[in-house]
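First residue of the sequence shown? That's 255 in this note's numbering, and the numbers climb one at a time after it. First the structure, in the form of structure tokens, and then the observations on it.
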Amino acid sequence: MAQVPQVRVGIMTEPMIEFELNGDYLVNGEKVTGNQLAQCVDGMVEWNGKRYHDLLFEPINVDSDSFTLENVTIGVSFHWKRKENQTFRGALHLIVENDGITTINILSVEEYLLSVISSEMSATASLELLKAHAVISRSWLLAQIHKDSVATAAEPGLHQEFAASSDDEEIKWWDRDDHVNFDVCADDHCQRYQGITRASTETVRQAIEATWGQVLMYGGELCDARFSKSCGGVYEQFENCWQDDHHPYLVARRDDDDEMNFPDLTREDNAADWILSSPHAHCNTTDKEILSQVLNDYDQETTDFYRWRVEYTQEELSKLIKERTGDDYGRIIDLEPVARGTSGRLYKLRIVGERMTKTIGKELSIRYALSPSCLYSSAFIVEKIEEGNDEFPEKFILRGAGWGHGVGLCQIGAAVMGAKGYNYQQILLHYFIDAQIKTIY
């Protein structure tokens, strides 16, 4: 059998890093422990009065030694953004990047997954749900590592943000960052990874061990196994959120036992009816016990996710869009849907202002433009409140569905399936159409 691969996880980048070694670590052949301070000085890592190109702290006892980083930012660009101290197992690599020190945690994929499962969801979730998440998190991670190795071999240093723009249209999408010096980052645009800070349980360990080395595959290749909190009732297709690649296993289905029973939500009238109603779906639940399996403490601050409502005054919306997009539209006249995906999520939206009009997309660009942090999803309709004969609406009300991009596994729907007695294979194949579960190490 193949060996368990290692993963390099980028945690944070700051001019100064305060950390504590909880145990004995080796660095440059010396044993160190306790409180430490490193800072970026003249493009070097300054530590213990000396400067280095980089520093690697390796644990002497990998099973018990750990390190704690202070003031790690989590929820970057999202409404739950905050700082917290986090503790990690494995090695700590300090490198200079972007005029700061980047901290990289090096550990085995399976040890990494112990944290991801507990960070993305609650460690007290049901065993079958945890098994399902272990498989998709492992699949996604290994697919990204493989993708990076192929890209680097083809053209070293090829790491891009993709965009298509003109004077009247700006269509951008962001996948996870294609990081140069590590495989994945620790925040939501890769996978939430918060070390051993999130309490891991025996059930989480059972889930990892029961699915050890298992991945989702389609056509002999690793699946790009995406997931989000709530699809809102119907899955979104991959190409409507990211690059224009069609994955046959990431296609529209209803999050229900009757998978093919859903309307064409690319049509505006159907999308409006769907979003304004509360149709049956696995993820349509208010069961606090089930939700607590998926939502960590700060996630539970969000209570309305299957159907939600956001309201802005004219002044608030005009100011927000200018700040978030960098374009001065003046007063906003309208928000016009241009193109919707299979879940009703907008991937093109026309913003009409008194000074300019532009179509923006894809879904994440829309969510960033219409929220101080990030709108729950781009599956929404717009209600304008107008007074008198003024062409500028007094208020804009967004009524929406779902939480996240809606592609792949719906975490809340999967939690409901687990509570209903579905096993992890059934859960996975409900969301990843005609995929196969295979053991690769």
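Note that the Cβ used here is the ideal one computed from N, Cα and C, for glycine as well.
Residue interval of the beta strand (DSSP E) (run including residue i)
i, result
"A289", "Checking the sequence shown, residue 289 turns out to be Asn, not Ala. E284 to V295 is the span of the beta strand (DSSP E), which, as asked, contains N289."
"Q690", "Q690 to T693"
"N339", "R336 to F342"
"R653", "K649 to A655"
"K483", "Neither: K483 is in no beta strand (DSSP E) and is coded neither H nor E."
"A593", "I586 to R594"
"E543", "Not the beta strand (DSSP E): E543 falls in the alpha helix (DSSP H), residues K542 to V548."
"I462", "Here I462 belongs to no beta strand (DSSP E); instead the alpha helix (DSSP H) covers E456 to A464."
"F634", "F634 to I639"
Residue nearest to residue i in terms of C-alpha spacing, selected from the options
i, options, result
"Y489", "G598, G654, G303 and L624", "G598"
"G660", "S482, E570 and I544", "S482"
"G656", "I314, Q665 and F273", "Q665"
"Q468", "A669, P533, K401 and L396", "L396"
"L504", "L470, S362, V438 and D511", "L470"
"K649", "D421, S625 and I586", "I586"
"I358", "Y472, K401 and L310", "L310"
"G283", "D296, P259 and P313", "P313"
"C628", "L618, G264, V636 and E637", "L618"
"Y630", "I694, W301, T596 and S484", "S484"
"H501", "L280, I399, D688 and K304", "D688"
"Q340", "D441, D429, H307 and V389", "D441"
"G654", "G675, I639 and R561", "R561"
"T267", "A526, T327, E493 and L280", "T327"
"V258", "D278, K385 and W466", "W466"
"E570", "P626, K616 and Y601", "P626"
"G277", "Q290, S373 and F321", "F321"
"L624", "I681, I651, R480 and E374", "I651"
"M514", "P269, Y279, H684 and E272", "H684"
"A306", "N315, P517, V281 and L323", "One detail in the question is off: residue 306 reads as Tyr in this sequence, not Ala. Y306 has its Cα closest to that of V281, out of N315, P517, V281 and L323."
"G662", "Y601, R480 and N302", "R480"
"E645", "E608, L574, H387 and D518", "E608"
"E522", "N435, G658, G474 and A593", "A593"
Unbroken alpha helix (DSSP H) run spanning residue i, endpoints
i, result
"S572", "Q568 to T579"
"V363", "V363 to E374"
"N524", "E522 to L530"
"K602", "No alpha helix (DSSP H) holds K602; the beta strand (DSSP E) holding it covers L600 to G607."
"R621", "E617 to A623"
"M671", "Q665 to A673"
"L275", "Careful: L275 lies outside any alpha helix (DSSP H), inside the beta strand (DSSP E) at M270 to V281."
DSSP beta-bridge partners of residue i
i, result
"N325", "Looking at the DSSP assignment, N325 forms no beta bridge with any residue, so it has no partner."
"D308", "I349"
"G264", "I358 and C439"
"Y472", "E475"
"E423", "T613"
"A698", "The displayed coordinates of the chain run from 255 to 695. Any statement about residue 698 would go beyond what the structure contains."
"I681", "Paired residue(s): none; I681 is not in a bridge."
"W301", "A292 and K304"
"E490", "V661"
"E565", "I651"
The ligand GTP heavy atom lying under 8 Å from the CB of residue i
i, result
"T540", "As presented, the structure is devoid of all ligands, the ligand GTP included, so that no description of it is given."
Beta-carbon proximity list for residue i, same chain, < 6 Å, skipping 5 on both sides
i, result
"L610", "A small correction: the amino acid at residue 610 is Met; Leu does not occupy that position in the sequence shown. Contacts found: Y583."
"N325", "K337"
"D478", "A397"
"A407", "In this prediction, A407 scores a pLDDT of 45, lower than 50, which makes its location untrustworthy; the coordinate-derived value is nonetheless stated afterwards. Here the set comprises nothing."
"E423", "T613"
"D437", "V261, R262 and I399"
"Y566", "F650"
"G667", "D509, H536 and C537"
"E637", "I651"
Supposed contact pair residue j and residue i - C-beta distance, whole angstroms, cut 8 Å
i, j, result
"A535", "R508", "7 Å"
"G486", "A633", "5 Å"
"R343", "I462", "Not a contact, Cβ separation roughly 14 Å."
"T613", "R621", "At roughly 15 Å, the Cβ-Cβ gap does not stay under 8 Å, so T613 and R621 are not in contact."
"G354", "C439", "Not really, about 14 Å apart at Cβ, beyond 8 Å."
"L346", "V299", "Between V299 and L346 the Cβ distance is about 12 Å, and since that is not below 8 Å, they are no contact."
"T356", "G297", "About 13 Å separates the two Cβ atoms, so there is no contact after all."
"R362", "L476", "Note on residue identity: the sequence assigns Ser, not Arg, to residue 362. That pair is no contact at about 18 Å."
"Y695", "A256", "4 Å"
Residues near residue i in its chain [Cβ-Cβ closer than 7 Å; skip 5 each side]
i, result
"I544", "A669, V670 and A673"
"G288", "E274 and L275"
"Q460", "L381"
"V370", "S391, Q445, R446 and Y447"
"E641", "E648"
"E493", "D499 and H500"
"Y676", "E382"
"H433", "G264 and C439"
Contacting residues, own chain, Cβ-Cβ under 8 Å from residue i (five flanking each side not counted)
i, result
"S419", "I425 and K426"
"T378", "T455, T457, S546 and Q547"
"Q679", "I691"
"S318", "G277"
"V316", "R343 and G344"
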